[in-house]
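Mapping of the sequence shown onto this note's numbering: residues -19 to 193, in sequence order. All residues carry an ideal CB built from backbone N, CA and C; glycine is no exception. Below you'll find the structure, written out as structure tokens, and then a few comments.
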Amino acid sequence: MKLPKIGERVEVASKYVIKAGKLLDIGCGSGEIIFFVKDRVSKIYGVDNSRKKLELAKRNGLITKAFDLNDGKLPYKDFLFEVVTCLDVLEHIKNPVKLSREVYRVLKKNGAFILSTPNIRFSGHLFSLIFKGRFPKTSDNKEAYDGGHIHYFAFSDLRSILKKAGFKITHERGIINKAKRGFWGQFFKIILGGKFMREFRSQGILIVAKKVK
């Protein structure tokens, strides 16, 4: 089967999905995640505020609900899912801690929360700020990079949010586009170290957290 052309975050995040009965994808879009996890998950649920995208997600096999993620409680009962994914969505949410607590509520004990966001400490962003005087905009301005985001996160920010929500972090990594993983990517990793690459050369952040109670 030919996979859809999507951001690498979905492909990377799917590698951390355990065998599960039920998975919820928050901000599911057209349901691309199903192409990567359907062999490990019995039922895949999705919420999004775009009914047009939800129609595509439903055709792809997700059990969907239209929902504004800023409205409050997720439309699911407690302890329902083994896995919840939220991929490049949290930066658009007014209250990230509140949504993370909702994820904690709907997860079963020992369930996994797989979260990704853009990385504000990515060296390309810092270069734009320091040398070009351009900061990412909280708007849909097509001339601005990362337009439309309410929040901007570094690894430390996401650690703090997840801790406040009650999660224990089990894994974290940077997401580096394939185009930047060649010779020079390996060169800088050797010279500067993996931590530097994760913090400053990763366009995205991926964290896996566990519900421990």
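In the DSSP secondary-structure assignment, L67 is bridged to S96. The continuous alpha helix (DSSP H) containing K144 extends over residues 135 to 145.
Apart from sequence neighbours up to five positions away, the residues of its chain that approach K144 with a beta-carbon distance below 6 angstroms are V77, ordered along the chain. Cβ-Cβ distances below 7 angstroms link D58 to R85, V86 in the same chain, with the five nearest sequence neighbours on each side left out; the list follows chain order. Between E71 and I185, the alpha-carbon positions lie close to 12 angstroms from each other. In its chain, beyond the 5 residues on either side, D68, E71, D126, H129, Y132, F133, Q183, G184, I185 have a beta carbon closer than 8 angstroms to the beta carbon of P98.
By the Cβ neighbour-count rule, F135 is buried, with 16 or more other Cβ atoms within 10 Å of its own.
With respect to D19, I13 sits apart: the two C-beta atoms are not nearer than 7 angstroms. I43 is classed as exposed because its beta carbon has fewer than 16 other beta carbons within 10 Å across all chains shown.
A distance of 7 angstroms or more separates the beta carbons of I141 and I187. In terms of Cβ geometry, F61 and K2 form a close pair [threshold 7 angstroms]. Secondary structure within the segment 3 to 67: the beta strand (DSSP E) runs of 3 or more consecutive residues, fully enclosed, are 21 to 28, 43 to 46, 61 to 67 (chain order). By the neighbour-count criterion, in which 16 or more other beta carbons inside 10 Å mark a residue as buried, G52 falls on the exposed side. In this structure, L49 sits away from S10, with a CB-CB distance that is not shorter than 7 angstroms. Within the DSSP bridge table, the entry for K78 names no partner.
Counting every other CB atom within 10 Å of its CB across the protein chains shown gives R31 a total below 16, marking it as exposed.
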